[in-house]
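Data block below; observations after.
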Amino acid sequence: MSEAEGIIVKLYANTYEVISGGEIYKCKLGGRLKLLDAKVTKPVSVGDIVQFEPPSNKDGEGLIFAAKQRKSKLSRCDPADAKREQIVVANADFVIVCQSFDSPPLNLFEIDRCILMGLSGECKIAIVVNKVDLASPAAGESLEIYRQLGYPVIFTSALKGDGIEEVRNLLAGRLSVLLGPSGVGKTSMINRLRPDLNLKTKKVSEKTGRGKHTTTVSILDIGDAMVVDTPGMEFFSIWGVDASDLQFYFEEFKKAGECRFNNCSHLEEPGCAVLEAVKQGKIGRRSHQDFAEGTPRHLR
Ligand code: GDP
Ligand code: ZN
């Protein structure tokens, strides 16, 4: 039996496309990987490094029989069965949280959710806000808090070209996932970065519906970087984070220091470190309010 190592670059139905030595092989799952784990929809995903048995002829299918341990994973609850984990992308370095000015309008709550999803899977975070050509001069101010938290924030216009080289530098040499609602310009951004891909963009009004469960996720090579667009990912429930853990994913809360109460709700306990930090302005009121009002909403 010959065997090879490669990376899953595309996944649709039960076919996994694996790139190895510059060639792409269509593969199915074999061996132990085929055993169904009730907790996960598919045991390996795009971005996973796998061992496989290449097909014996060009039109045949290979068999994936093992996967390397991953350094990160971006997961959601399977839209078809919320009790199961759907690994969207494995081994991504960065989650690029994508939003736009004006059309659709900036949504800070969704930014927080995407950050949460990325952090919970051990990915680094950056924020790209597109359509800066449509923005009023003060429109970016509400994003300052993310810069203060240490996340890169880049304003771009995929239409006019602003900020694109900054994005290119951020992505260089890495695998990054573009995550955000449909219509913000993720596809347009990829086209800007690598025009010959010529991907099809949509009008903002042609949004995909909530009912869309099957998505083809693929890794695109944009020269010196790899990016994954995530069509159909605009609705997701975060996998593997309990409401009680949520506070640990808010950078601001972390900076407040450890609360001396074990089961503190951070809402009314006298002497609570988080409340003290809110009082001193170290935690933005919006964050705390979101936390207070919306803890389960974040996980949705
Ligand atoms: P996606 O769903 O996030 O991949 O968004 P698309 O790339 O398909 O873009 C959605 C719509 O926004 C298209 O009509 C694009 O032409 C438009 N669009 C993309 N980037 C920009 C931009 O920087 N400025 C403006 N004004 N429109 C943009
Ligand atoms: Zn507390």
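Under our numbering, read the sequence shown as residues 8 to 307, first letter to last. Glycine is no exception: its CB is placed at the ideal position from the N, C-alpha and C atoms.
Proximity to residue i [Cα-Cα], best of the options
i, options, result
"Tyr153", "Val104, Glu129, Ser79", "Val104"
"Asp236", "Leu204, Ser244, Leu115, Phe59", "Leu204"
"Asp100", "Lys90, Asp109, Lys78, Glu283", "Lys78"
"Arg199", "Ile118, Ile171, Ser225, Ser189", "Ile171"
"Pro62", "Lys17, Lys80, Ile26, Glu148", "Ile26"
"Leu18", "Ile229, Leu115, Val102, Thr48", "Thr48"
"Val53", "Gly28, Gln93, Ala89, Gly67", "Gln93"
"Phe242", "Ala133, Met124, Val160, Phe260", "Met124"
"Asn98", "Lys138, Ala146, Asp44, Val57", "Val57"
"Val95", "Met196, Leu186, Ser110", "Leu186"
"Ser110", "Lys33, Ser189, Asp88", "Ser189"
"Leu182", "Glu60, Ala145, Asp55", "Asp55"
"Val139", "Lys167, Asn270, Asn114, Val51", "Lys167"
"Phe260", "Val285, Glu276, Asp249, Phe268", "Val285"
"Tyr23", "Ile122, Glu10, Gly37", "Gly37"
"Met81", "Met240, Ile71, Pro277, Glu148", "Rather than Met, the amino acid found at residue 81 in this sequence is Leu. Of the listed residues, the one whose Cα sits closest to Leu81 is Met240."
"Ile245", "Ser225, Ala20, Ile122, Leu141", "Ile122"
"Asp231", "Val281, Cys271, Gly29, Asn176", "Asn176"
"Met196", "Val135, Phe59, Asp249", "Val135"
"Asn21", "Cys34, Gln287, Pro86", "Cys34"
"Leu113", "Ile15, Gly192, Glu10", "Gly192"
"Asp88", "Ser143, Lys46, Ala165", "Lys46"
"Thr208", "Pro238, Ile15, Asp85", "Pro238"
Outcome for residue i when other beta-carbon atoms lying within 10 angstroms are tallied against a minimum of 16
i, result
"Asp252", "exposed"
"Ser127", "buried"
"Gly216", "In this predicted model, Gly216 has a pLDDT of only 44, less than 50, meaning its place in the structure is not dependable enough to derive any value."
"Leu42", "exposed"
"Ala179", "exposed"
"Phe116", "exposed"
"Gln106", "buried"
"Arg83", "buried"
"Asn137", "buried"
"Leu274", "exposed"
"Thr163", "buried"
"Asp228", "exposed"
"Arg120", "buried"
Endpoints, the beta strand (DSSP E) within which residue i is located
i, result
"Ser82", "80 to 85"
"Glu135", "Before going further, note that residue 135 is Val rather than Glu in the sequence given. Start and end: 131 to 137."
"Ser27", "22 to 27"
"Gly13", "11 to 19"
"Asp228", "224 to 228"
"Asp236", "233 to 236"
"Ala74", "69 to 74"
"Val160", "160 to 162"
"Val57", "56 to 60"
Enclosing alpha helix (DSSP H) for residue i [first to last residue]
i, result
"Arg120", "115 to 127"
"Val104", "No alpha helix (DSSP H) holds Val104; the beta strand (DSSP E) holding it covers 101 to 107."
"Glu283", "280 to 286"
Simplified DSSP assignment, three categories, for residue i
i, result
"Arg181", "coil"
"Val191", "coil"
"Lys90", "strand"
"Gly147", "coil"
"Gly38", "helix"
"Lys219", "Reliability of the predicted coordinates at Lys219 is poor, the pLDDT of 46 falling under 50, and no value is obtained from them."
"Ile31", "strand"
"Leu186", "strand"
"Ile245", "strand"
"Val174", "helix"
query = Quick one, what's near the ligand ZN if you take every residue whose CB is closer than 6 Å to any heavy atom, in chain order?
reply = The set, ordered by position in the chain, is Cys266, Phe268, Cys271, His273, Glu276, Cys279, Ala280, Val281.
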